[in-house]
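Beneath this line is the structure, given in C-alpha cells, with notes to follow.
Protein chains in written order, with the numbering used here: chain H, 1 to 512; chain Y, 1 to 512.
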C-alpha cells in the first residue's frame, strides 16, 4: 500500500513506531501493536499504532522512523504487513513457562536492541522472567547475548579487574576509594558506573562532581592507557545496550529479574577477569537477609565462572547510609576528604578496605585489608585518584572546599533524648530527591547521628542542603509525613499499626 | 510547573498520554511511564512520555488529553507529579505471586477503564494472571468488577437467557439459528456478539449482513421489547468495557487468562439468569482435548453459580468448520437457507439443536433437542428471525439470493483421489482473511468436501470468493505454502518433520 508521510515531531523512546488510519489498517488486515514494513530505498520494520486523527492515505511517523529512512513531509512510501518476528514466538514460549535456549534468547535480545519489540511484548517478557524465576542457564544466555549485541572493550592485559555493588544503600561512595586503591597497585580497572534512577546519587553522578564522566569506548581506552583506571558513565559507552532497555521496563514494574545478567554482561563487555561484588544487606536494603545474600552470591559466582570471570562476593551492612553524606557533591567531597586523610569516616573506610582487600586476595595477595588500608593512609590512593581526574579532563588539584554545596539549608534537631534506633534508607532517598538530588549536584543531606548514637533533646540530627529555596519547602512537606530516622529507648517495641484497607508498599531499588 | 500546550494531533488508544521534554521531566523529578496531573479548571492524570523533540516549556498532548481538558494550542496548564496510584501497588503484589482480593482487583479495573494504567503495566498484569494461573476467586472478583465499571441492562423479566461459544472454529453461524429458536418459545435472549479479531468472521460480522447491529443499550432495550430477542454488536453497548482493553493486550501476547471473566462479565451485565456455553474441542480448536474441555466447563459452571447464572456447557466437535461456508455473507446466507428449510446442513443443524435443546432443558423443558428441531422445521424460527431483523431495522423479507457475494472466485480441485483426512482451522482462517474477510463481507470460502468425504482426483474441494481481484492473488500466495485440508489414504502416517532451528508456532484464537 502506498501512503504519504506525515511527520509527527515526537520521538518514541528508540523504537520505530508508525500511526495508521483505521481504514488503512483494515485494508492491510493489520491490528494495533502488529508490525509493518516501511520502504523507500531502505526498508525497516515498525510497530503500528492505529489512530483516527491520522487521515486515511497517510502514515504518521515518529522521529525514529523519519531518521532511519530520511523521510520528508508528504513523500511517498510503501507500507506492507511485516513477517511475524521469530522472537515473538520465543517470548510466547516463555509465557507458557518454557525455558529458553541461547539462540532463542539471542533472537529476542537482538530484536529488542533493534527496536522491533513493542512495550507490551518487552513488559510481558520481563514479567515472565520474573514470575518463572530465571535460572542460571537463561541468565548465562542473557548475559552473553547482551554482550554480543553491544560494543566490547579490547584491553591488552591479562588481568582486568572490576568491582560492583548491588546497590540500595544511600551515600555509597565506596567506588571513589576502591578504584584508586586497587589501581595504585598497578592493576587495570575500567570502571563503568550508572547514574541514579531511583536513588539520590549514582556513582556516575558523584564522580562527575570531580571530573567529566561521559566518554566513548575509544576515549575510555585512551584514559586507561594514561592512568590504568577510570570511572566513567556506562550510559555513553554502548556496552550491553539491551540492559538500558530492560531497565526501563523493570523500573516501571518494580521488578528486576535481569539483575544478574545486567551486572555480569557489563563486566564481561569490559573484559573483566576478576570481580568483587558487594551485596549490601539488611532491613532497608535491596537484599533483606544474609541467607538471601548468600544465595545471590552463589549465583553470581557461578555465573561469573560460566563467563570466565573470577568472582568474590562480600556481604555488607546495609541498614543505613555509608559515611555521613548523601547527594552527589556532598559525597564527592567526603570521598576526597577521606582520600586526603583529612577526615576519619570509619564505616566508609572499613567498607572500601574490605572491597579492595577482597580483590587483592582474589588476585593472590596476602592480607588484602591491611594492604588496602596502608595504600589509603600512605596517600598513594589520593595520588592515583588525581591521576585519574587528570586523565578524564578534570582539575587534578581540586580541594574539598572547592566543591559547591547548595546554599539553602534546613537543620533537623531531635525532639527527644535517646538513641538512634533505626534509619530508613527509602525515606532518606525521598528527602534527598526532594532537595533536588541527583539533578542538582549540590543538594543532599549531612548526618550528624547514625544508628546507635546517643542523642540529647535539641541536638542536631541532620542537615539538608538545596540549591533552590522552593525545594526546601518540598523537603519540609516530605518530612511532615515521613521520618528518616527514629530516636527512642532501646525498649520501644511497636513498629507500626495496620488499619483497614491497607496499601502494602515494598521498597524497590532498581539502581545497580 | 506551568507549561504551554502543544497539540500533537495523534490519539493514544484511549489513554491520556503527555509528552514532556527531558529537562522539564528532570525538574519535576519524573521518569518515563510515571504519571503527572494536568490541570486547567479540571484536573486529570496522564502518563508521561519523555521526548527531546518537545521543546522545554511545552507539554505535548494527545487527542485524549486535549478533549478531556478542552485544550487549545499554546494555552497554559499546570503540570505536577501525580500521587502514586494504589492500583499499581496491587499489580506489583500480583507480580510477586499474591492472590488479589476484590477491593484490589476493583481498584485495578477502575484505573484500567479510566486510562490510568500504562501499556507496560496492563501487559505485566495480564502476563502475571496468565503465569500465576488465575483462580476462581480472582475470576469472580474480575467478573464483578468488570460488570461494575460498565453499563448494565435492566430487563424486567424473571428469566433472561443467553448462549456463548468459546470460539475457535471457522464458519460457526450457530447463534443465527439458536437465538430465533429459543426466542420462538417466548424467552428473552439479549445476545451481544463480537466482531472478528483473529477469525474470518465474528457473529456480529455475520449478523450485520442481515441487519444493523450497532446500538446503544437504550436502543437494545427497545428492540428486546419488540421481538424479545436481539443479536447486536457488543462493542457499542458499553457492557464491561474493561474487557475490550484487556483483549487488546491478550491479543498482542497470544494469551487469554481473562477468558472466563470476559465471558461471564458480559453475561452478568445483560442480566442473564440461564446460560449455555459451547466448548468446541479438538486438534485445531482452542481447547484440544475433552479432558481440558470438562475442566473448563467445571470452572465456567462454578463461576456462573457465584454470579447467580444457571449454566450448562456442551462440548462439541471442533476440528473443522461448521457447515460449508466461511466469511460473513456466505455464512449469513447459509444460516438463512437453513432457517428457511431450503438447505440441509447436518452438522450446523445438529449443533444448533444441541445448544438450543440444552437451554430448553436448563429451563425445565423435556426433550430439548427434539423441541428445537421441531421449531426449526416448523418455520417458527425463520419467522422469529424476520421479527428480529425488522426490530433491528433490517429488511425482514430478505432472501438468500439477495445477499451479495464477491464476484472473483478461485476453484480448488483435488490433485489425488482418497478421503479428506483433516482440515486445518487456522489455515482456513488465513485463506478467508487473505480473500478479504471479515472486512469485505462478500469474501470467504465454500467447502464441497469435509472430513471423511471421499474425493476423486480433479473433484472440486472448495471455492474462494473475493470482492477484489488482487486479493485472489493474496489467496494464491497463501495456498502456495499452506494447505487447508488434506486428501489421502487412511493409512498415511507422517504428520510432519522437524528440522534444525525450529520455530514452534502454536494456534491462538482470541475471539470469544
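Note that CB positions come from ideal geometry on N, CA and C, so glycine has one too.
Comparing the C-beta of residue 331(Y) with each C-beta of chain H, is any distance below 8 angstroms? Translated into the one-based positions of the second chain, residue 331(Y) becomes position 331. At a cut-off of 8 angstroms between C-beta atoms, residue 331(Y) does not count as an interface residue with respect to chain H.
Is it the case that the Cβ atoms of residue 33(H) and residue 48(H) are separated by a distance below 8 angstroms? Taking the first chain and counting its residues from 1, one reaches residue 33(H) at position 33. Taking the first chain and counting its residues from 1, one reaches residue 48(H) at position 48. The answer is yes: Cβ separation under 8 angstroms.
Contacts of residue 19(Y) in chain H (Cβ-Cβ under 9 angstroms): Position 19 of the second chain, counting from 1, holds the residue named residue 19(Y). From the beta-carbon of residue 19(Y), the residues of chain H found nearer than 9 angstroms are 10, 11.
Kindly provide the ranges of any beta strand (DSSP E) runs that are 3 or more residues long and lie completely inside the stretch 426-483 of chain Y, ordered along the chain. 444-447, 460-466
Contact set between residue 131(H) and chain C, taken where Cβ atoms lie within less than 8 angstroms: Given the protein chain composition of this structure (H and Y), no chain C is represented.
With which residues is residue 46(Y) paired in a DSSP beta bridge? Translated into positions along the second chain, residue 46(Y) becomes position 46. According to DSSP, residue 46(Y) bridges with 36(Y).
Return the chain-ordered list of same chain residues with a C-beta closer than 6 angstroms to the C-beta of residue 208(Y), the five sequence neighbours on each side being excluded. Within the second chain, residue 208(Y) is the residue found at index 208, counting from 1. Nothing meets the Cβ criterion.
Rounding to the nearest angstrom, what Cα-Cα distance links residue 108(H) and residue 134(Y) in this structure? Here residue 108(H) is taken as the residue at index 108 of the first chain, counted from 1. Here residue 134(Y) is taken as the residue at index 134 of the second chain, counted from 1. So the alpha carbons of these two residues sit roughly 27 angstroms apart.
Based on Cα-Cα distance, which residue from 467(Y), 75(Y), 346(Y), 392(Y) lies nearest to residue 327(Y)? Taking the second chain and counting its residues from 1, one reaches residue 327(Y) at position 327. The option with the nearest alpha carbon to residue 327(Y) is 467(Y).
As a quick exercise: from 244(H), 241(H), 192(H), pick the residue whose alpha carbon is nearest that of residue 221(H). For the purposes of this step, residue 221(H) is identified with residue 221 of the first chain, where counting begins at 1. The shortest C-alpha separation from residue 221(H) is found at 192(H).
Residue-level contact to chain H via CB, residue 255(Y), 8 angstroms cutoff: The residue labelled residue 255(Y) in the question sits at position 255 within the second chain. So yes, residue 255(Y) belongs to the interface.
For a test of your reading of the model: does the CB of residue 237(H) fall under 7 angstroms from any non-hydrogen atom of the ligand FMN? Yes or no. Ligands displayed in this structure: none; no statement on the ligand FMN is therefore possible.
Quick one: using the 10 Å Cβ neighbour count with 16 as the cut-off for buried, is residue 83(H) buried or exposed? As a first step, residue 83(H) is located in the first chain; it is residue number 83 there, counting from the start. Label assigned to residue 83(H): exposed.
Select from the stretch 52-76 of chain Y all residues with a C-beta closer than 8 angstroms to any C-beta belonging to chain H, and list them in chain order. 52, 53, 54, 60, 63
Looking at residue 72(H): is its Cβ nearer than 8 angstroms to the Cβ of residue 159(H)? Looking up residue 72(H) in the first chain gives position 72. Looking up residue 159(H) in the first chain gives position 159. Not a contact, by the Cβ cut-off of 8 angstroms.
Beta strand (DSSP E) containing residue 256(Y): first to last residue? Working through the second chain from its first residue, we reach residue 256(Y) at position 256. First-last for residue 256(Y): undefined, no H or E at that position.
Under a three-way DSSP split, which group does residue 291(Y) fall into? Stepping through the second chain from its first residue, residue 291(Y) is reached at position 291. Looking at residue 291(Y) - three-state DSSP - the assignment turns out to be helix.
Less than 8 angstroms between the CB atoms is what I'm expecting for residue 275(H) and residue 304(H), so what's the real figure, rounded? On the first chain, position 275 is the one that residue 275(H) refers to. On the first chain, position 304 is the one that residue 304(H) refers to. Between residue 304(H) and residue 275(H) the Cβ distance is about 6 angstroms, and since that is below 8 angstroms, they are a contact.
Could one say the Cβ of residue 119(Y) lies closer than 8 angstroms to chain H's Cβ atoms, at least one of them? Against the second chain, residue 119(Y) aligns to sequence position 119. Residue 119(Y) counts as touching chain H.
Residue 171(H) to residue 94(H), Cα distance in whole Å? Translated into positions along the first chain, residue 171(H) becomes position 171. Translated into positions along the first chain, residue 94(H) becomes position 94. Those two C-alpha atoms are separated by around 38 angstroms.
So which residues of chain H does residue 433(Y) contact, with C-beta pairs closer than 8 angstroms? As a position in the second chain, residue 433(Y) is number 433, starting the count at 1. Near residue 433(Y) (Cβ distances below 8 angstroms), the residues of chain H are 29.
Which first and last residues belong to the alpha helix (DSSP H) in which residue 349(H) is found? The residue labelled residue 349(H) in the question sits at position 349 within the first chain. Segment 346-362, the alpha helix (DSSP H) holding residue 349(H).
Just to confirm the assignment, what range does the beta strand (DSSP E) spanning residue 78(Y) have? One-based indexing of the second chain puts residue 78(Y) at position 78. Start and end: 76-81.
By the criterion of Cβ-Cβ separation under 8 angstroms, what are the contact partners of residue 248(H) in chain Y? Here residue 248(H) is taken as the residue at index 248 of the first chain, counted from 1. Correct list: 32, 33.
Residues bridged to residue 326(Y) (per DSSP): Taking the first residue of the second chain as 1, we reach residue 326(Y) at position 326. Residue pairing from DSSP places residue 326(Y) in a beta bridge opposite 445(Y).
Could you give the DSSP three-state label for residue 316(H): helix, strand or coil? Position 316 of the first chain holds residue 316(H). Correct three-state label for residue 316(H): strand.
Taking the DSSP output, what are the residues bridged to residue 400(H)? Along the first chain, read from residue 1 onward, the residue named residue 400(H) stands at position 400. Paired residue(s): none; residue 400(H) is not in a bridge.
Is residue 246(Y) buried or exposed, if buried means 16 or more other CB atoms sit within 10 Å of its CB? Residue numbering aside, residue 246(Y) sits at position 246 when the second chain is read from its first letter. Taking all protein chains shown into account, residue 246(Y) has 16 or more neighbouring C-beta atoms within 10 Å of its C-beta and is therefore buried.
For residue 477(Y), count neighbouring C-beta atoms within 10 Å of its own C-beta (all shown protein chains included) and say buried if the count is 16 or more, exposed if not. In the second chain, residue 477(Y) corresponds to position 477, counting from 1. It counts as exposed.
What is the rounded straight-line gap between the Cα of residue 144(H) and the Cα of residue 20(H)? For the purposes of this step, residue 144(H) is taken as residue 144 along the first chain, with counting starting at 1. For the purposes of this step, residue 20(H) is taken as residue 20 along the first chain, with counting starting at 1. Their backbone Cα atoms lie some 37 angstroms apart in a straight line.
Strand pairing of residue 280(Y), partner residues [DSSP]: In the second chain, residue 280(Y) corresponds to position 280, counting from 1. 316(Y), per the DSSP bridge assignment.
Tell me which same chain residues have a C-beta within less than 8 angstroms of the C-beta of residue 122(H), skipping the five on either side of it? Taking the first residue of the first chain as position 1, residue 122(H) is located at position 122. Result list for residue 122(H): 112, 245, 246, 249, in chain order.
CB contact below 8 angstroms: residue 156(H) versus chain Y: Start at 1 with the first residue of the first chain, and residue 156(H) comes out as number 156. Not one chain Y Cβ lies under 8 angstroms of residue 156(H).
Checking 8 angstroms against the spacing of the C-beta atoms, do residue 550(H) and residue 296(H) come in under that value? Beyond the ends of chain H as shown, which are 1 and 512, falls residue 550(H); an answer cannot be given.
Does any residue of chain H have a CB that is nearer than 8 angstroms to the CB of residue 92(Y)? For this step, residue 92(Y) is matched to residue 92 along the second chain. So, interface residue.
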